[in-house]
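A.B. asks: As you go down the protein sequences, you meet chains A and B in turn. Residues 1 to 67 in this note's numbering are what the first sequence lists, from first letter to last. Residues 1 to 130 in this note's numbering are what the second sequence lists, from first letter to last. Ideal Cβ placement from N, Cα and C applies to all residues, glycine included. Every value quoted in this text rests on a predicted model; they were computed, and no experiment measured them. Encoded as structure tokens, here's the structure I'll be asking about.
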Amino acid sequence: MRSRRLLALGLAVGSLLGIGLYARRGTSQERIDLYFADGSLVSLHGDSPQAAVLLAHAREALRAAGA
Amino acid sequence: MTEPLDELIEISSQIDAAVLFDSAGKVIASTLPEDRAARLASSARALFEEAGRAGEGDPTQVEAATVAGSLFVVSDGKNLIAASTSPEPTAGLVFYDLKSTLRAAAKPEPKPKAKPKPKPRAPAKKNAKP
């Protein structure tokens with residue numbers, strides 16, 4: 001009986017950990033790439049404060065597009 | 001919907017929706033209904049302007065990758081085009097198609113050829129009988 005409880009608890013903790021890691025993976029995929037006329041590229045990671053404003057506009061645009 | 005965007009949707013399987021607009025945000029052509037096209041153009045324009053402040057100088061093209069999908073914005077200095085795709089698209093191909101569409105939209109439409117004027121008929125010869 002006790003081992004079953006431990007197993008259930010282990011599964012629950014593992015699931016929560018998995019969800020957390022998956023959510024974190026999703027956030028880390030977000031980024032902004034800026035391409036300039038001289039061929040240079042600036043990539044802003046999704047976690048940066050500069051990207052946060054740009055990503056808010058992008059999400060609104062994607063909502064309008066029905067994505 | 002205008003011809004360049006028709007072609008864009010036809011050739012690019014990655015693009016879900018697109019809108020062509022001027023630097024003031026006025027929609028020129030779109031694959032979306034009017035109200036959604038205006039919202040997409042407004043947000044894409046705000047993103048592009050903000051991107052100019054975030055980077056060093058004005059960008060010519062921007063990709064915003066989110067979990068829900070990606071938004072691409074390309075400018076030719078006069079007009080802009082914005083397109084949405086599903087997550088993780090092939091960015092190079094999408095940018096190429098968008099730039100081609102912008103170029104096609106910037107070309108003036110060919111003038112229809114003027115019809116040649118009909119030649120005036122020669123006056124009928126009268127048979128002068130003696």
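#1: Going by other Cβ atoms of all chains shown within 10 Å of its Cβ, with 16 needed for buried, is G77 of chain B buried or exposed?
#2: Would you say D16 of chain B faces chain A, with C-beta separation under 8 Å as the test?
#3: Can you list, in chain order, the stretches of the alpha helix (DSSP H) that have 4 or more residues and sit fully within the stretch 41-99 of chain B?
#4: Going along the chain, which residues of its own chain have a beta-carbon closer than 6 Å to the beta-carbon of A104 of chain B, five neighbours each way excluded?
#5: If you follow the beta strand (DSSP E) that D38 of chain A is in, where does it begin and where does it stop?
#6: For L32 of chain B, count neighbouring Cβ atoms within 10 angstroms of its own Cβ and tell me buried if that reaches 16, exposed if not.
#7: Looking at the structure shown, is R121 of chain B part of a helix, part of a strand, or coil, going by DSSP?
#8: Quick one: grab the DSSP three-state call for S48 of chain A.
#9: Could you check where the beta strand (DSSP E) with L20 of chain B kicks off and where it finishes?
#10: At the level of alpha carbons, what is the spacing between R45 of chain B and G25 of chain B?
#11: Starting from the Cα of P89 of chain B, find the closest Cα among B:G52, B:Q14 and B:R53 and give me that residue.
#12: Checking 8 Å against the spacing of the C-beta atoms, do L34 of chain A and A83 of chain B come in under that value?
#13: Go ahead and pull the three-state DSSP assignment for S30 of chain B.
#14: Could you check if V74 of chain B is buried or exposed, using at least 16 other CB atoms within 10 Å of its CB as the buried criterion?
#15: Taking 8 Å as the CB-CB cut-off, is G66 of chain A touching chain B?
#16: With DSSP run on the structure shown, which of helix, strand or coil describes S43 of chain A?
#17: Which residues in chain B have a C-beta closer than 7 Å to the C-beta of H45 of chain A? List them in chain order.
#18: Going along chain B, which residues have a C-beta under 7 Å from A37 of chain A?
#19: How many angstroms separate the CA atom of L80 of chain B from the CA atom of R39 of chain B?
#20: Compare the C-alpha of A41 of chain B against each of B:G57, B:E49, B:F21 and B:K99 and name the closest.
C.D. replies: On the basis of the supplied data:
#1: exposed
#2: yes
#3: none
#4: P4
#5: Note, D38 of chain A: premise wrong, no beta strand (DSSP E); not H, not E.
#6: L32 of chain B should be labelled buried.
#7: Looking at R121 of chain B - three-state DSSP - the assignment turns out to be coil, as it is neither helix nor strand.
#8: DSSP places S48 of chain A in coil when its eight states are reduced to three.
#9: I15 to D22
#10: Whole-angstrom Cα-Cα distance: 7 Å.
#11: B:Q14
#12: no
#13: DSSP, reduced to helix, strand and coil, places S30 of chain B within a strand of the structure shown.
#14: buried
#15: yes
#16: strand
#17: Ordered by position in chain B, no residue passes the 7 Å Cβ test against H45 of chain A, which lies about 11 Å from the chain.
#18: T60
#19: 14 Å
#20: Closest option to A41 of chain B, Cα to Cα, is B:F21.
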